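**Student:**
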Amino acid sequence: MEKRPYTEVVRLTGLLLDGEASPEQVDRLQNLLRESPVARFTYRATIGLHTALSVGLREPSAETLDHGNAKADGLSGIDVPSLAIPSERSARTVPWRTIGIAAAAVGLVASAIVFSNSEPKLELNGGIPLTVTQADRAILFPNKAVHAGVEISGRDINILHGFAEFELPDGVHVSAFAPARIVMKKNFPILVKNGLVNFVCEGIEEQICIETKDTVIRTSNARVGLDVDARASETSVAVFQGSIEVSSPQGFGSDRNKKVLFPGDSSRYTKGKRLGIMPVVVRQEKGSNLLRASESSIVSEIFESSPDDTESRTYLIVSEGMKERRLPFIDRPDVGWNPVDKNGFPRLVYGADLVKTFQKDRWRKNFSLTMRFEKAAELYVLLDIGAIPPTWLTKDFERTGEQLRATPLEKGGAPFGIRYDIWKRVVQPGTVTLGRPYPLHQDKVTSMYGVAFRPL
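Okay, so the sequence shown: first residue is 1368 according to my numbering, each after it adds one.
(1) Going by alpha carbons, who is nearest to phenylalanine 1717 out of Arg1739, Val1685 and Trp1730?
(2) For glutamate 1612, write down the residues that DSSP places opposite it in a beta bridge.
(3) Report the partner residues of lysine 1791 according to the DSSP bridge assignment.
(4) Please state the DSSP three-state secondary structure of asparagine 1705.
(5) Pull up the distance between the alpha-carbon of isoleucine 1584 and that of lysine 1732, whole angstroms please.
(6) For serine 1633, count neighbouring Cβ atoms within 10 angstroms of its own Cβ and tell me buried if that reaches 16, exposed if not.
(7) Taking methionine 1738 as part of the beta strand (DSSP E), name the residues at either end of that continuous run.
(8) Take alanine 1597 and list the residues in its own chain whose beta-carbon comes closer than 6 Å to its own, dropping the five residues that flank it on each side.
(9) Just how far apart, CA to CA, sit leucine 1642 and glutamate 1601?
(10) What is the rounded straight-line gap between the Cα of arginine 1692 and the Cα of leucine 1399?
(11) Do tyrosine 1787 and leucine 1801 have their C-beta atoms within less than 8 Å of each other?
(12) Applying the 10 Å Cβ sphere with the 16-neighbour rule, what's the burial state of threonine 1380?
(13) Give me the Cβ distance between leucine 1750 and tryptophan 1704, rounded to the nearest whole Å; I'm assuming they're in contact under 8 Å.
(14) Whether or not the stretch 1751 to 1765 and the stretch 1804 to 1818 are in contact is what I'm after, with contact meaning three or more pairs of Cβ atoms, one per stretch, closer than 8 Å; do they touch?
(15) Have a look at proline 1616 and glycine 1711 and give me their C-alpha separation to the nearest angstrom.
(16) Check the C-beta distance from serine 1610 over to threonine 1637 and give it rounded, since I have them as a contact under 8 Å.
(17) To the nearest angstrom, how far is it from the Cα of aspartate 1810 to the Cα of leucine 1760?
(18) Can you tell me where the beta strand (DSSP E) holding serine 1600 begins and where it ends?
(19) Indicate whether proline 1546 and isoleucine 1526 have their beta-carbon atoms separated by less than 8 Å.
(20) Determine the closest residue to valine 1627 out of Val1613, Arg1635 and Lys1640, with distance taken between C-alpha atoms.
(21) Cα separation between valine 1604 and arginine 1395?
(22) State the DSSP-derived secondary structure class of glutamine 1392, mapped to helix, strand or coil.
(23) Return the bridge partner residues of arginine 1378 from the DSSP annotation.
(24) Once DSSP output is grouped into helix, strand and coil, what is the label at threonine 1758?
(25) If distances are taken between C-alpha atoms only, which option among Lys1727, Thr1582, Val1812 and Thr1758 comes closest to isoleucine 1697?
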């Protein structure tokens, strides 16, 4: 779960005002102020309390700030208060324990608005987060990039525009994209009325996680992540982590259409009846946050040609995912990227964004993968060294001479697994198409390729 920043802001501001903050601590405070409206509110509140309880603050000299606690270039266009250093007298006379408690209280007020019966409906257009303290509680965090318009009425939470995040009991994290309407239920965490909503549930035990008018979604996984897009005529479900069981809601017949969906699976439903596959879904993972790629990645879309009638795909982009033991394939959770020798992970691709592909796509004769880039990037394809390099690869890519190995995770050593050559090319904004992992005339079926990229 996301931690609130005000406690750390109070601590770091106290060190700064006492003249004891290290350059690293000042940089950390600057980052918090840059990223969070709550942090900026708490900082100003702390400074205000300090002013009220002490002789006052003086503006720092250029020499004082030279070690990096005010980087004007890095804060261009961001409303971040300048960091002031106290005089020796004020640093000695300020009761920081009192200020810490008071500022933390101010931070709590800034980060939570409690809704009572007298305030049934409020709107938030970015800025201060909200706390709903009714039968089910939710915390709404402002998005760093997009200001969300949120309307709360009773237990209804309407995302009017932009993007919003919620934390719920039992480790349920919700990301909602406008337009969406979410109803907090007493017995179950969520009822989705309409719109695209992303769920990440942790530690839940045999409980209903999501219910729509068309489906009931259950899971017993320790961690599961999925998209639910509830529309007037149907509900679409896409799984990118863990597994779920989708069945009919109460009153809509038997559960003969009950189906278990795994990572990469996605389906459409109406009144519990499975209509078929939904279009390819692209997700991005960064730390514990899962976002739509179009919201935060330079790769906004991924398309397949001639998808199978019985399958669809949910591609996952892992930010800075090219590191040891990271999974290259969605459908192979038992292997991870590892160095081939003691020289370590190739610097060429270390920390690049990883696109998880599907190992089973190596069997598809007419397979191709198209990626839409919003910015220029260096694109990497990792090809099984046992494969004949296909024409689409040799024509546009160059072999770098670097290699990685997909290693069984339970063994973890370099002697195991398949070696992959790393190929690269520079791509400009637009679409790039990758073909089959080996030519049709190749007798041996070799591994699916891996994909990674980094912005230029």
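Think of the CB as a built atom: it goes at the ideal place given N, C-alpha and C, for glycine as much as any other residue. Owing to the predicted nature of the structure, the values given are computational and were not obtained by experimental measurement.
**Tutor:** Reading it off the structure:
(1) Here residue 1717 turns out to be tyrosine, not phenylalanine, going by the sequence shown. A check of alpha carbon separations from tyrosine 1717 across Arg1739, Val1685 and Trp1730 identifies Val1685 as the nearest.
(2) According to DSSP, glutamate 1612 bridges with Arg1585 and Val1627.
(3) Answer by DSSP bridge pairing, in chain order: Tyr1747 and Glu1765.
(4) The three-state secondary structure of asparagine 1705, taken from DSSP, is strand.
(5) Taking the Cα positions, isoleucine 1584 is about 34 Å away from lysine 1732.
(6) Of the residues assessed, serine 1633 falls on the buried side of the cut-off, its CB having 16 or more other CB atoms within 10 angstroms.
(7) Element bounds for methionine 1738: 1736 to 1740.
(8) Non-local beta-carbon contacts of alanine 1597 in its own chain, meaning distances under 6 Å to residues more than five positions away in sequence, involve Val1559, Asn1561 and Thr1579 in chain order.
(9) Rounded to the nearest angstrom, the two C-alpha atoms are 9 Å apart.
(10) The alpha-carbon atoms of arginine 1692 and leucine 1399 are separated by roughly 31 Å.
(11) Contact flag unset, no.
(12) Buried, since its Cβ has 16 or more Cβ neighbours within 10 Å.
(13) About 14 Å; that fails the 8 Å criterion.
(14) Proximity of the stretch 1804 to 1818 to the stretch 1751 to 1765 meets the contact definition, three or more beta-carbon pairs being nearer than 8 Å.
(15) Going from the Cα of proline 1616 to the Cα of glycine 1711 covers about 52 Å.
(16) Actually they are not in contact, since the Cβ atoms of serine 1610 and threonine 1637 sit about 22 Å apart, beyond 8 Å.
(17) A direct Cα-Cα distance of roughly 19 Å separates aspartate 1810 from leucine 1760.
(18) Neither: serine 1600 is in no beta strand (DSSP E) and is coded neither H nor E.
(19) Cβ distance < 8 Å, so proline 1546 and isoleucine 1526 count as in contact.
(20) The residue with the shortest Cα to Cα distance from valine 1627 is Val1613.
(21) C-alpha of valine 1604 to C-alpha of arginine 1395: approximately 39 Å in a straight line.
(22) Three-state result, glutamine 1392: helix.
(23) Arginine 1378 pairs with nothing; no bridge assigned.
(24) In the structure shown, threonine 1758 falls within a helical segment according to DSSP collapsed to helix, strand and coil.
(25) Just measuring C-alpha positions, the residue of Lys1727, Thr1582, Val1812 and Thr1758 sitting nearest isoleucine 1697 is Lys1727.
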